[in-house]
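Note sheet for the following structure.
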Amino acid sequence: MLLERESALAQATAALRATEGGRGSLLVVRGPLGVGRSTFLESFATISRDHGFALLRAQASAAEERFRLGVVGQLVDSLRGITVPDDPARRPRRANAFPPESPAGTAPAAGALSETPRWSELSPQQAPCWLAGLLNSIADARPAVLMVDDLHWADTGSLQALSLSVAQRARRRVLFVFSVLPGDVRVRRPHVRDLLDPEQCAAEPNGVGDPVRSRHETADQILELSTLGLNSVRLLVEKTLGDAPDAVFVETVAVRSGGNPLLLQAVLDEAQYLRLRPTATDAAVVANLRPERLRRRLDAYLRSQPDHVRRSAYALTLLGASADEHFVARLAELDERGGAQAVEMLRLAGLVDQRACRLTSGTILRDLVEENMPAEERTAMRGVTAELLHRTGHPAELAAEQLMAVISLRGPEAVQILRTAADSALRRGSPRDSARYLRRALLDSSLSGQDRARLLVDLATAERSFATAAALRHVVEAAPLLESVQERADAMLRLGPLQMDPPSLRVNVIRAAITDELRQSVTEDWVERELVLRLEAREHILSAQDPTHIRRALRRLRDLGPSPRLATKGERELVTSLMHIAFVANAVPAAQLAESCTRVLEQEPPTPEHVHTTAPLAVNILAGAEQTAGAANWLREANRLAHRRGGDVEQAVIRCEQALVALADGHRASARDKIIQAEALAGPETGGLPTVCAAVLSIVAMRTDEPELAEQLLTQHRLHAENQHLTALLHMARGTLAARRDEPRTALGHYRTAGRYTEQIGWKNPVVLPWSSCAALMHHRLGEHEEAVNAAQSEVNMARAWGAATSLGRSLVVLGRVTPGRRGPELLEEAVMVLEKGNNGYELLRGLYALATHPDTRRNRRSTALGRAHDLSHEHDVPGLTEKIRTKLTEGTRKSINHGSRLTPSELRVARLASTGLSNSELASQLGTSSRMVEKHLTNSYRKLGISGRPELDKALRRADAEQSP
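Be aware that the sequence shown starts at 228, since it is given in the working numbering, and climbs by one per residue.
This is how it looks when you write it as structure tokens:
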């Protein structure tokens, strides 16, 4: 299939007609490598035969370049089957190529033929005359086309033989058609130039048989073949692969091949061999194809070129979009002129863009050129490229990418380039790229001691955003190599306190040693003081499950006073770590801790990096204290920035914080979505979520009725068997699952085990682990009422000490549920009153439902509580509870209908008039009674009908009438 060649074929056909009329000419077909010159000549050969032309064809090649008169031999061989109408012995004379016979007794002039030789026996002087005579004999009978493909590869003898015939073309019915690759160095050979452009030898007889030189016209017509457009690419895709192609597939193939017919057909043939279909899905596969035959073709071309051209092609490949002629020349070790010439030759061959100094012909060409480079040369050139780019002010990451593919680095400058690129990548929010550069730098065998340690610390800083376990390992490896205690402290502080799990890699032991060394060096240096404070903060967090340390930390917090300084990062981290201990130990009221935590967040910038400080613990406390308004806005801004430049760990921790805040506000659906997002971000590479975050996610999962998810999260965490808080949470999740299976005794065992673990570590805040209330409900289900009340009362006491409305209200709900008699509804009323003061509408809904379903709640209060609960259930999207409330309301309505038949005649009369919209005074006037009596009748009617007021009266009466009708 010949596409987009109609114009060129039309011009060539016009030249045929002119030749048929007796005016021969020279037609040169040019175009870049792989553009389809040979295919074009094949099509033109068919047209020539159809017009009755004699066809002489030859294909020059590298294999025959040194074979003398090889192209002439191919031209003669192509005449087989064609009758030459004259005796070959007379051809030279008829062509006036040789002088007449010399005077008697003298030898023939040089070049004269004493007899008819074979073409292979011709001397260089005889060949032009012999070939001219042959063409003249053929042209006398019928017009001819002499066609040589890849003329630049022709042997010198054949080029000389052709020169005479081409010079005489205007007087012969012969059309000469030559194809050349413009950028090939052989096009510049003198004999090739003589045929295509400049002065040629016109065979005019003289006294010694030498040709007389005269000027003639250059090539009569030049046909430039270009690459194919998108429509032609689509047609070729459909023809080769058989189906209508997807636009994405066509675009991918077009970009991959650059529209070059050779590259395009090779890619499509490879796709057909692999049984790919022209779909968007398979486009990704096509984008990475590297057909072997293209590799061989390109390799042959590059090997045929001079060394400076080949090196320039390699330089263009490595420089990519940064290439210019100056860079290419320096990288190829050429002067400016030599570099420009080499680039121009590659441009003529179609390998370099016409308007810019960069490779063209699609992405496949760059890949193949780079693969063609010898490994040692590639390494050396990439190193030089990186240094050139870095020294000339190009982005460090662009220079670093050159070093990522080398076998070995060249000295300290290469390492510095990679470090600079790593800093750049980290600033733009790509910690993975930063780590990639630093890992490559660490492969330099010359690095040791402090230089290696500093690289490890930088690597840990990048890895903490997506691979916390690896970051821990690298800090532990680096710390002993650093000579200064300040540097060792700074390295330790690169790890956020949430990621520093004590059992991991001796990190706590190393931290303690560094802290002791810093404290021993008595100094007033502000930097050292900050380091000591921040390390102390990590000590408190890592020791938060040690009751002895908890007591020391609480004394430390009291010593700081009611309003501790929060001016520096070290002061904020220290105070937050101490408040965290006070929170879990339930040692300081919620209001006091919330005030200090709010101050912390006011001075801490809302950036993704806050997850590597103690700030998430402040958010945790604010959520437990139900003071979330400021925290929610602060996290919203941090999350916005995290989307732009935060790593997986930052985004996962922020999702955990947001989930906790959403749960505190009663937004269960939002909280559930956040924990799913956080769990997805914390994949295997991150080493799992920090312990605090895993605890948060499991708590949210259990509070959103997904204990299975909580169990899964906890069992997958690497420290669930070593961290007592996580172990307690795991028993809580398993207890909830057992309760769902109606196994109260098993569930009670899990809850009590969770409580035992919690008490062992000195954690007493019910917000952290409400195990006691869960145990109370299981005791109640088992009929152990005294134990149930005692367990529930214990949690109420702890919740009162903490002072947050939701926590207290939730514990009062449980106490009210397990308390028999009138005391139960009283406690539930207190719970509802407390929950009304908070922000958690879901917990208020549960309190109202518990009040409405308690057997000793008054009937009218039950109805109003259910109505309010029904409205809240729609707001909080709890379909299961909504259905239960609807069922209870329906049952209440049915009972009210039955009660309707027991309305006294006076009550029924007052109720019917009231349902028409009359006021109490109007009713009293119409019935001739007092307003107080009307109010009494209506109150009795509401109670008997099971409704809360006048708006429901008309509907309730209609139901009663319908029930009584037959």
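Heads up, the beta-carbon is just placed ideally off N, CA and C, and yes, glycines get one too.
- Query: What are the uninterrupted segments assigned as alpha helix (DSSP H) that are 4 or more residues long and contained completely in the region 382-407, given in chain order?
  - Reply: With a minimum length of 4 residues, the continuous alpha helix (DSSP H) runs that stay inside the region 382-407 are 383-394.
- Item | Start-to-end residues for the alpha helix (DSSP H) that takes in Glu451 | Per DSSP, Glu451 is not a residue of any alpha helix (DSSP H); the beta strand (DSSP E) it occupies stretches across Gln448 to Glu451.
- With respect to the beta strand (DSSP E) encompassing Val372, which residues constitute its N-terminal and C-terminal limits? Here the beta strand (DSSP E) through Val372 covers Ala371 to Asp376.
- Message: When you compare the region 1000-1014 with the region 796-806, are there three or more beta-carbon pairs, one atom per stretch, that lie closer than 8 Å?
- Response: no
- Task: Can you tell me the Cβ-Cβ gap for Ala680 and Leu699, rounded? I've got them flagged as a contact below 8 Å.
- Result: Wrong, their Cβ atoms sit about 15 Å apart, outside the cutoff.
- Task: Have a look at Gln885, Ala891 and Asp892 and flag the residue whose alpha-carbon is nearest the alpha-carbon of Asp900.
- Result: Gln885
- Between the region 605-614 and the region 520-532, do at least 3 Cβ pairs fall closer than 8 Å? no
- When the distance is taken between beta carbons, is Val494 closer than 9 Å to Leu516? yes
- Task: Just the C-alpha distance for Glu640 and Glu614, rounded to the nearest angstrom, thanks.
- Result: 8 Å
- Message: Which complete beta strand (DSSP E) runs does the region 759-823 hold, if anything under 3 residues is left out?
- Response: none
- Using CA coordinates, which residue listed in Arg420, Leu302 and Arg416 is at the minimum distance from Ser371? The residue asked about is misnamed: residue 371 is Ala in this sequence, not Ser. It is Leu302 whose Cα lies nearest to the Cα of Ala371.
- Query: From the DSSP output, which residues share a beta bridge with Arg284?
  - Reply: Met374
- Task: May I have the straight-line CA-CA distance separating Arg826 from Val802, to the nearest angstrom?
- Result: 11 Å
- Compute the Euclidean distance between the alpha carbons of Leu230 and Glu269, then round it to the nearest angstrom. 14 Å
- Query: Counting pairs of Cβ atoms below 8 Å between the region 824-840 and the region 615-628, do you hit three or more?
  - Reply: By the Cβ criterion, the region 824-840 is not in contact with the region 615-628, since fewer than three pairs of Cβ atoms, one from each stretch, lie closer than 8 Å.
- Message: What residue range does the beta strand (DSSP E) around Arg257 cover?
- Response: Ser252 to Arg257
- Task: For Ala941, name the three-state secondary structure that DSSP assigns.
- Result: Just to set this straight, residue 941 is Leu in the shown sequence, not Ala. Reduced to three states, the DSSP call for Leu941 is helix.
- Message: One question on the structure: do Leu996 and Thr985 come within less than 9 Å of each other, judged by their Cβ atoms?
- Response: yes
- Task: Could you have a look at Val222 and say whether DSSP puts it in helix, strand or coil?
- Result: With the chain covering only 228 through 1193, there is no way to say anything about residue 222.
- Item | Selected residue, minimal CA-CA separation from Asn363, among Gly1065, Leu725, Arg399 and Gly577 | Arg399
- Message: For a test of the three-state rule: what should DSSP assign to Leu349, helix, strand or coil?
- Response: Coil.
- Task: Look at the alpha carbon of His952 and the alpha carbon of Arg961, and state the distance between them as a whole number of angstroms.
- Result: Whole-angstrom Cα-Cα distance: 14 Å.
- Task: Please go through the same chain and pick out, in chain order, the residues whose beta-carbon is closer than 7 Å to the beta-carbon of Ala397, but skip the five residues on each side of it.
- Result: Arg250 and Gly251
- Ala845 to Glu829 span [Cα, whole Å]: 11 Å
- Determine the extent of the alpha helix (DSSP H) in which Gln878 is found, giving its start and end residues. Asp875 to Ala891
- Message: What ranges does the alpha helix (DSSP H) occupy inside the region 489-523, keeping only unbroken runs of at least 4 residues that lie completely in it?
- Response: DSSP runs (the alpha helix (DSSP H)) wholly in the region 489-523: 507-513.
- Query: Is the CB-CB distance between Glu765 and Ser804 below 9 Å?
  - Reply: One point to set straight first is that residue 765 is Arg, not Glu, in the sequence displayed. Yes. Within cutoff.
- Residues that DSSP places opposite Leu586 in a beta bridge: Val579
- Message: Using the three-state DSSP reduction, which class does Thr918 fall into: helix, strand or coil?
- Response: Correct three-state label for Thr918: helix.
- Task: Report yes if the CB atom of Arg1044 is closer than 9 Å to the CB atom of Asp1083, and no otherwise.
- Result: no
- Message: Judging by CA-CA distance, which residue of Asp594, Arg618 and Val464 is the nearest neighbour of Phe554?
- Response: Arg618
- Rounded C-alpha distance that separates Leu630 from Leu636: 7 Å
- With 16 other CB atoms within 10 Å as the buried threshold, where does Arg264 fall? buried
- Give the C-beta separation of Ser1113 and Leu1184 to the nearest angstrom, bearing in mind that I take them to be a contact with Cβ-Cβ under 8 Å. Rather than Ser, the amino acid found at residue 1113 in this sequence is Arg. That pair is no contact at about 22 Å.
- Would the beta-carbon of Gln301 be found less than 8 Å away from any heavy atom of the ligand GTP? With respect to the ligand GTP, the structure offers nothing, as it holds no ligand at all.
- Task: Report the three-state DSSP secondary structure of Leu422 (helix, strand or coil).
- Result: helix
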